[in-house]
Amino acid sequence: MAVYAVGDLQGCYEPLIKLLDKINFDPTKDRLWSVGDLINRGPDSLKTLRFLKQLGSAFTAVLGNHDLHFMALATGAYTGGKKKTLKKLLAAPDCAELCEWVRNLPILHYEKLETDTGEQAFLMVHAGIAPGWSLKQALGYAKEIEDVLRGETYTKFLNKMYGDQPDIWHDELAGMERLRVLTNYFTRIRFCNKETQLNLAIKTGISTAPKGFKPWYQYQKLSNEMVILFGHWATLNGVTDTENVYALDTGCVWGRCLTALRLEDKQIFCIDCD
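Residue numbering for the sequence shown follows this note's numbering, starting at 38 and increasing by one per position.
Dropping the structure here:
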């Protein structure tokens with residue numbers, strides 16, 4: 038058995054199938070993890086979601102910002118934003134069923150696996166984690182969002198989740214302000230400062246970091262205890278220069294490549310997406 042973690046798919050079905058063929062993926066014995074953003078910008082969001090859903094227990098994913106946006110559109114919780122790339126998915130007869138499946142995906146996934154060097158812990162998130170959070174805190178904050186998404190008032194959350202404020206974490210935050218900033222850490226963060234303040238405006242590479250801000254993972258101490266897997270930040274092109282931190286979004290939807298990391302031995306597999 039092997040476990041593979043794959044970067045942002047963004048509805049790029051054909052590259053996904055080619056990558057799975059390359060690694061000889063067998064869903065009866067192997068597992069596929071995804072860092073989220075399963076859908077949206079690519080050409081085959083509907084086909085991608087249907088395929089991933091039918092993998093059943095062989096597939097594990099965390100929610101990305103595009104997955105949340107799909108849910109907001111599919112439920113009518115949000116009527117703004119671009120719908121063109123999701124048009125076919127939103128019109129599909131099984132859209133509600135697929136939306137319900139996505140709604141039950143986690144924000145964070147933590148698991149210990151047997152690797153070539155012994156047992157190792159893995160933490161998977163779409164975008165990142167705030168500086169200073171312990172594993173217990175991060176999992177607890179993620180559960181707050183998961184509980185709302187799986188509750189009766191989840192459409193209210195989907196309607197109000199958009200926005201960049203508040204942009205700094207305080208444990209005293211409550212209600213939608215608390216949920217929004219937590220969602221932004223887990224699904225949108227790139228740069229922050231040591232006080233946990235977010236800068237969501239800058240979406241390019243490390244060299245463009247505003248003064249006083251760094252990539253979120255450069256503050257992380259959790260990587261001393263576990264391997265951290267994330268996506269979202271395609272301009273990193275898979276490079277973090279940080280031990281035990283793997284950026285898996287290598288820009289498939291932008292014509293670069295789709296990447297999978299075999300967790301047992303950290304071997305990387307890529308296929309071109311041009």
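Glycine included, each C-beta is placed from N, C-alpha and C at the ideal position.
Can you tell me the Cα-Cα spacing of Leu216 and Leu186, whole angstroms? Between Leu216 and Leu186, the C-alpha separation is close to 11 Å.
Would you identify the three-state DSSP class for Phe250, choosing helix, strand or coil? coil
For a test of the three-state rule: what should DSSP assign to Cys132, helix, strand or coil? Here DSSP, grouped into helix, strand and coil, assigns Cys132 to helix.
Just to confirm my understanding: we take Val276, look at its own chain, exclude 5 residues before and 5 after, and list those with CB closer than 8 Å. What are they? A distance below 8 Å between beta-carbons, with the five flanking residues on each side excluded, links Val276 to the following residues of its chain, in chain order: Ala284.
Going by beta carbon distance, what residues of the same chain come within less than 6 Å of Ala158, once the five residues before and after it are set aside? Lys149 and Met263
Got a sec? Which residues, its chain only, sit under 6 Å from Gln47 by beta carbon, not counting five neighbours each side? Excluding residues within five positions, the ones whose Cβ falls inside 6 Å are Asp74, Asn77, Arg78, Gly79 and Val290.
Just verifying my parser: in three-state terms, what is the DSSP assignment at Val72? coil
N- and C-terminal bounds of the beta strand (DSSP E) containing Arg299: Counting along the chain, the beta strand (DSSP E) containing Arg299 begins and ends at Cys294 to Arg299.
If we count the other Cβ atoms within 10 Å of its Cβ and call it buried at 16 or more, is Ile239 buried or exposed? exposed
Here's a check: name, in chain order, each residue in its chain whose Cβ is nearer than 8 Å to the Cβ of Asn281, leaving out the five neighbours to either side. Ser260, Asn261, Met263, Val264 and Ile265
Euclidean distance between Cα positions of Thr112 and Thr190: Roughly 12 Å separates the two Cα atoms.
Indicate whether Phe96 and Leu105 have their beta-carbon atoms separated by less than 8 Å. no
Quickly, what does DSSP pair Leu235 with across the bridge? List them, please. Cys229
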